[in-house]
Amino acid sequence: MTTSTHPRSQKKPVIGAATATDSHGGVGEPTLDLSTVSRELGRVEAADPGPTLICLGGLHGNEPAGVLAIDRVLEQIYRRPEGLAGRFVGIAGNRRALAADCRFLAHDLNRAWKPSSVERLAALPGPLGDEDEELVELNASLSRIVDEAPGRIYLLDLHTISGPGPAFAILDDTLQNREVALDFPVPLVLGLEEELGGTLASYMTAQGATVVGFEAGLHDDPGSVDRAAAAIWIALDSCGVFEHESRSEVVAARELLRRQADGLARIVEVRYRHSVDEGESFQMDPGFSSFDPVGAGQEVGTGRNGRVRAPRSGLLLMPLYQEQGNDGFFLASEVRPIWLPVSTAVRRLGVERFLHWLPGVERHPSRRQTFVVDRRYARWSARQLFHLLGFRQEGKAGPRLTMRRRRDQLR
Ligand SMILES: [Zn+2]
Numbered sequence: 006m007t008t009s010t011h012p013r014s015q016k017k018p019v020i021g022a023a024t025a026t027d028s029h030g031g032v033g034e035p036t037l038d039l040s041t042v043s044r045e046l047g048r049v050e051a052a053d054p055g056p057t058l059i060c061l062g063g064l065h066g067n068e069p070a071g072v073l074a075i076d077r078v079l080e081q082i083y084r085r086p087e088g089l090a091g092r093f094v095g096i097a098g099n100r101r102a103l104a105a106d107c108r109f110l111a112h113d114l115n116r117a118w119k120p121s122s123v124e125r126l127a128a129l130p131g132p133l134g135d136e137d138e139e140l141v142e143l144n145a146s147l148s149r150i151v152d153e154a155p156g157r158i159y160l161l162d163l164h165t166i167s168g169p170g171p172a173f174a175i176l177d178d179t180l181q182n183r184e185v186a187l188d189f190p191v192p193l194v195l196g197l198e199e200e201l202g203g204t205l206a207s208y209m210t211a212q213g214a215t216v217v218g219f220e221a222g223l224h225d226d227p228g229s230v231d232r233a234a235a236a237i238w239i240a241l242d243s244c245g246v247f248e249h250e251s252r253s254e255v256v257a258a259r260e261l262l263r264r265q266a267d268g269l270a271r272i273v274e275v276r277y278r279h280s281v282d283e284g285e286s287f288q289m290d291p292g293f294s295s296f297d298p299v300g301a302g303q304e305v306g307t308g309r310n311g312r313v314r315a316p317r318s319g320l321l322l323m324p325l326y327q328e329q330g331n332d333g334f335f336l337a338s339e340v341r342p343i344w345l346p347v348s349t350a351v352r353r354l355g356v357e358r359f360l361h362w363l364p365g366v367e368r369h370p371s372r373r374q375t376f377v378v379d380r381r382y383a384r385w386s387a388r389q390l391f392h393l394l395g396f397r398q399e400g401k402a403g404p405r406l407t408m409r410r411r412r413d414q415l416r
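Here's what the structure looks like:
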């Protein structure tokens with residue numbers, strides 16, 4: 006296929022020698038100035054229509070690794086654009102927080118994407134507060150890319166964490182998200198969106214995009230830039246933005262991530278979130294890493310009311326070792342890989358038509374694809390069954406759960 010690049014060289018941020026080095030040879034000091042970074046970091050596109058991959062970095066301002074990785078991969082593609090069959094666009098998330106080197110200024114930009122508030126903020130006259138302004142601008146950029154896109158839309162949302170541990174991928178469990186996420190040779194984390202709410206990933210999934218989140222490692226580890234860049238190469242390959250005869254970068258990217266994921270669970274589901282309220286102190290005990298097994302009752306930190314214990318056994322995820330943030334830690338359980346093909350099959354069968362026949366389950370009075378589950382009567386493992394069928398929990402009132410079907414694209 007004949008391809009052409011469209012690097013927008015006038016707008017392209019200045020890229021220094023360190024970010025233009027081979028992505029797997031380690032990094033030097035990044036030379037991209039994060040205080041003046043453009044919303045659109047750059048793009049490459051083929052003449053022919055094809056899928057669009059949007060890579061987003063720095064949705065949290067103290068997580069620049071994604072931005073640096075996007076910059077690096079763009080530069081590598083500018084230099085050798087052959088084999089391109091779609092579009093790749095790099096976007097910066099919370100620019101104001103990136104400039105200030107903090108997670109956020111007023112509130113967390115990755116908890117603000119409830120459809121009603123996105124609409125409300127878009128209609129307000131400016132200027133708005135810091136993250137509100139960021140949300141409106143970012144939403145406008147994403148909408149423009151989506152509107153212009155001739156084919157399928159993919160989003161890779163790049164993050165880093167404050168505690169040690171391997172890289173992993175996060176997804177809202179729709180079949181289309183799963184298809185791409187399974188191509189990443191790292192542990193996959195399901196169910197996080199139910200605990201968080203208002204994430205950009207959930208918002209874009211609901212808009213019909215295929216979305217994978219990627220946690221590349223520690224915030225300030227240069228290796229996190231390498232892993233984020235590896236995730237971008239894999240996404241480019243997996244989404245079909247590069248035609249198949251794999252580029253050496255893609256092969257090296259898979260190898261890099263596979264090595265660091267050796268011996269870890271392939272799929273886990275989040276079962277518990279330790280919430281830290283605004284103004285509350287929480288001190289995680291030192292020495293924990295993501296995917297460390299913990300026992301029920303094990304002491305893991307100190308909170309407002311004294312020592313904090315794990316309420317159940319499981320694998321610890323994302324222990325909080327920074328000032329900002331409302332998630333102390335998560336606990337997850339391993340999901341046996343066999344459940345994935347089983348759940349794909351039952352979703353295709355449309356089993357949810359019969360769910361209201363089950364004890365304790367009724368259709369939501371006004372919302373489509375939504376059920377109310379009363380756990381006093383639904384004795385079986387209701388939440389897990391609904392997850393299997395592609396539902397996510399949207400609300401909880403006492404024993405009653407509201408479970409809503411995600412948008413699977415069944416082919
Ligand atoms: Zn983040």
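To get our numbering, take the position in the sequence shown, counting from 1, and add 5.
Cβ atoms here follow ideal geometry from the backbone N, Cα and C, with glycine treated the same way.
| Asked | Found |
| --- | --- |
| Spatial neighbours of residue 278 within its chain, please: CB distance less than 7 Å, with the 5 preceding and 5 following residues excluded, ordered by chain position. | 200, 332 and 335 |
| Can you tell me where the beta strand (DSSP E) with residue 256 in it begins and where it stops? | Looking at the DSSP string, residue 256 is not in any beta strand (DSSP E); the run it does join, the alpha helix (DSSP H), is 253-265. |
| I'd like to confirm the pairing. Which residues does DSSP put opposite residue 279 in its beta bridges? | 334 |
| Could you pull out every residue in the same chain whose Cβ sits closer than 8 Å to the Cβ of residue 67, ignoring the five residues on either side in sequence? | 102, 106, 107, 108, 224, 327 and 329 |
| What are the boundary residues of the beta strand (DSSP E) that includes residue 220? | 215-223 |
| Rounded to whole angstroms, what's the CA-CA distance from residue 181 to residue 215? Just pull it up for me. | 6 Å |
| So is the beta-carbon of residue 112 under 7 Å away from any non-hydrogen atom of ligand 1? | no |
| Whole angstroms are fine: how far does the CA of residue 167 sit from the CA of residue 121? | 31 Å |
| Give me the residue from 350, 380 and 408 with the minimum Cα distance to residue 372. | 408 |
| Who are the near neighbours of residue 48 in its chain, counting only those whose CB is closer than 6 Å to its CB and skipping five residues on each side? | 94 |
| Below 7 Å, is the gap between the Cβ of residue 399 and the nearest heavy atom of ligand 1? | no |
| Select from 177, 143 and 196 the residue whose C-alpha is nearest the C-alpha of residue 388. | 196 |
| Check this for me: beta carbons of residue 194 and residue 74, under 8 Å apart or not? | no |
| Any idea what DSSP makes of residue 60, helix, strand or coil? | strand |
| Kindly indicate which residue of 283, 241, 244 and 235 has the alpha-carbon position closest to the one of residue 265. | 235 |
| Apart from the five residues just before and just after residue 244, which ones in its own chain have a Cβ nearer than 6 Å to its Cβ? | 56, 58 and 159 |
| Could you spell out where the beta strand (DSSP E) holding residue 166 opens and where it closes? | 158-166 |
| Can you give me the Cβ contacts of residue 29 inside the same chain, cut-off strictly under 7 Å, excluding the 5 residues immediately before and after it? | Per-residue confidence for residue 29 stands at a pLDDT of 33, beneath the threshold of 50, marking its modelled position as unreliable; no derived number is given. |
| Runs of 4 residues minimum, wholly inside the segment 106-185: which ones carry the alpha helix (DSSP H) assignment? | 120-128 and 135-153 |
| Taking residue 162 as the reference, which of 170, 155, 169 and 175 has the closest Cα? | 175 |
| So residue 209 is in the alpha helix (DSSP H); what residue range does that whole segment cover? | 205-211 |
| I'd like to know whether the C-beta atoms of residue 65 and residue 115 end up nearer to each other than 8 Å. | yes |
| If you reduce the DSSP assignment to three classes, tell me which class residue 32 lands in. | In this predicted model, residue 32 has a pLDDT of only 41, less than 50, meaning its place in the structure is not dependable; the value taken from the coordinates is given anyway. In the structure shown, residue 32 sits in coil (DSSP, three-state: anything other than H, G, I, E or B). |
| Let me make sure I understand the geometry here. Which of 100, 291 and 152 has the alpha-carbon closest to that of residue 142? | 100 |
| Cα separation between residue 271 and residue 320? | 12 Å |
| Using C-beta distances below 6 Å, list every residue in its chain close to residue 281, excluding the 5 sequence neighbours before and after it, in chain order. | 287, 331 and 333 |
| Report back the beta-carbon spacing between residue 363 and residue 383 to the nearest angstrom; my notes put them in contact at under 8 Å. | 7 Å |
| Determine the direct distance from the alpha carbon of residue 91 to that of residue 50, and round the result to whole angstroms. | 6 Å |
| Expressed to the nearest angstrom, what Euclidean distance is found between the alpha-carbon atoms of residue 63 and residue 358? | 41 Å |
| At a threshold of 7 Å, does residue 200 count as lining ligand 1 (C-beta to nearest heavy atom)? | no |
| Go ahead and pull the three-state DSSP assignment for residue 237. | helix |
| Between residue 223 and ligand 3, is the CB less than 7 Å from at least one heavy atom? | Among the ligands present in this structure, namely ligand 1, ligand 3 is not found. |
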